[in-house]
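A.B. asks: Quick note: the sequence shown uses my numbering, first residue 125, plus one each step.
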Amino acid sequence: MAKININRDKCKGCLICISFCPKGIIVLDENLNRKGIKPVKVKENEECLGCAMCAVMCPDCCIEVYK
125 MAKININRDK CKGCLICISF CPKGIIVLDE NLNRKGIKPV KVKENEECLG CAMCAVMCPD
185 CCIEVYK
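(1) LEU180 to VAL189, Cα distance in whole Å?
(2) Shortest alpha-carbon distance to ALA126 belongs to which of CYS135, LEU139 and GLU171?
(3) Run through the DSSP bridge pairs and tell me what CYS172 is partnered with.
(4) Per DSSP, what kind of secondary structure is ILE142 in: helix, strand or coil?
(5) If you follow the alpha helix (DSSP H) that CYS178 is part of, which residue opens it and which one closes it?
(6) In whole angstroms, what separates the C-alpha of PRO183 from that of ASN169?
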């Protein structure tokens with residue numbers, strides 16, 4: 125199973141990663157980051173395919189996918 129690591133403080137909440145996730149496991153977080161922006165997070169108890177499309181599409185390189 126792959127693991128997604130999101131740097132919450134670098135995330136600007138552009139939501140591009142959400143639209144490219146084939147399983148829809150990335151969602152907008154309700155809690156604010158240090159910049160006062162709602163970053164994205166991974167849904168709990170969901171399995172990542174490891175395709176890394178979210179990481180490739182992130183303009184700020186906030187996402188890392190580990191297989």
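Heads up, the beta-carbon is just placed ideally off N, CA and C, and yes, glycines get one too. Please read all numbers here as calculations on a predicted model, not as lab measurements.
C.D. replies: Working from what's here:
(1) The amino acid at residue 180 is misidentified as Leu; the sequence shows Val. If I take the Cα positions, the gap works out to 10 Å.
(2) GLU171
(3) ALA126
(4) helix
(5) 177-181
(6) 26 Å
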